[in-house]
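*Asks:* In this note's numbering, the protein residues as written are 8 to 68. Cβ atoms here follow ideal geometry from the backbone N, Cα and C, with glycine treated the same way. Supplied in structure tokens, the structure appears directly below.
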Amino acid sequence: MRVRSQGIGHQLMQNAILFARRTGARGIALETSHRNLTAQALYESLGFQRDENYYHYFLTV
8 MRVRSQGIGH QLMQNAILFA RRTGARGIAL ETSHRNLTAQ ALYESLGFQR
58 DENYYHYFLT V
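Printed below as a string of structure tokens:
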């Protein structure tokens, strides 16, 4: 079942932003694959800014 383009991700993010504001959070941090252009477009449309200063690392053991 495909759910893309139905606005569900946008609604979820709007609820997360509202929850963060209501609870006094300082912000919301997100991660996505460099290739996930759909998610990046969604996040940027909501005002999130891409962090160009840091790389994230992970080691599978």
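What residue does the alpha helix (DSSP H) around A36 start on, and which one ends it?
*Replies:* No alpha helix (DSSP H) holds A36; DSSP gives it neither H nor E.
*Asks:* Please determine, among F55, T39, E51, the residue with the shortest C-alpha to C-alpha distance to Y6.
*Replies:* Because residue 6 is not part of the residues shown, which for the chain are 8 to 68, the question remains open.
*Asks:* Do the CB positions of A92 and I35 come within less than 9 Å of each other?
*Replies:* Lying outside 8 to 68, the shown extent of the chain, residue 92 is not represented and no answer is given.
*Asks:* Kindly list the residues whose CB is nearer than 6 Å to the CB of L53, restricted to its own chain and excluding five residues on each side of it in sequence; keep chain order.
*Replies:* The answer, listed in chain order, is M20.
*Asks:* Got a sec, what are the start and stop residues for the alpha helix (DSSP H) Q47 sits in?
*Replies:* Unbroken alpha helix (DSSP H) run through Q47: 44 to 52.
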